[in-house]
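The structure appears right after this line, and notes come after that.
Numbering (our numbering), first residue to last: 263 to 328.
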């Protein structure tokens with residue numbers, strides 16, 4: 263299965279806002295690609311990226327404690 267991720271938009275926003283730390287939360291289907299996504303974000307932005315591996319039941323399911 264292919265996914266269309268808009269990482270360039272995310273990268274632009276991280277750079278524009280000069281964000282230093284990012285936590286990404288992924289659905290189950292994307293978790294196998296988590297390290298690849300993390301590496302790309304870190305390489306292109308210089309930010310430290312952390313992967314939230316807890317459950318994710320949709321876009322409004324944001325972790326309260328990271």
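Even for Gly, the Cβ is constructed at its ideal location relative to N, Cα and C.
Computed from a prediction, not measured in an experiment: that's the story for all the values here.
| Secondary structure at residue 299, three-state DSSP: helix, strand or coil? | helix
| field | Bridge-paired residues (DSSP) for residue 276 | value | Note: residue 276 sits in no beta bridge, so no partner.
| task | Report the residue from 307, 312, 314 and 316 whose alpha carbon sits nearest the alpha carbon of residue 277. | result | 307
| query | Whose CA, out of 288, 271 and 302, lies closest to the CA of residue 317? | reply | 288
| With residue 284 and residue 303 assumed to form a contact (beta carbons below 8 Å), what rounded beta-carbon distance in angstroms separates them? | 6 Å
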